[in-house]
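Using the numbering used here, read the sequence shown as starting at 215 and increasing by one per residue. Note that beta-carbon positions come from the ideal geometry of N, C-alpha and C, so glycine has one too. These numbers were taken from a predicted model, which means no experiment stands behind them. Step one of this worksheet: look at the structure below.
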Amino acid sequence: MLVDRILEYYGHNLDAYPIIEDRWMVAFNDIFNSYYLLLPFIFALLPWIYFLWKKEAHKKDGKIFRRKIIIASIIGLVFGLLAPYLILAIAASLAARDLYG
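As structure tokens, this is what we get:
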């Protein structure tokens with residue numbers, strides 16, 4: 215299972231991770247820090263994938279469709295830049311709620 219592989223990757227050292235939840239926090243942090251730089255590019259490419267997929271359906275309004283795709287790419291890039299901070303803000307607010315009730 216994927217979960218077991220992830221936990222095996224971080225080892226079984228009880229001094230470093232006294233409880234299993236500590237390993238999950240480290241794993242989430244590593245994965246998040248590794249891939250959050252790719253989010254803007256992924257969200258910017260999604261409209262272009264849609265464009266390639268639906269190109270034949272929009273032959274008549276090609277120029278307008280391309281403009282919409284470019285605008286959607288810019289919006290996706292901005293959302294991809296803001297999404298990691300939004301995720302961190304949500305995680306921080308949940309942690310504060312757990313700590314302070």
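- Selection Y249, W262, V240, R311 evaluated against I283 yields W262 as nearest (Cα-Cα).
- Shown here for F257: same chain residues with a beta carbon closer than 6 Å to its own, the five before and five after excluded, namely G290, F293, G294 in chain order.
- In the three-state scheme derived from DSSP, where H, G and I count as helix and E and B as strand, G225 is classed as coil.
- Within the same chain, and ignoring the five residues on either side of L266 in sequence, no residue has its Cβ closer than 7 Å to its Cβ.
- Assigned with DSSP and collapsed to three states, Y299 falls in helix.
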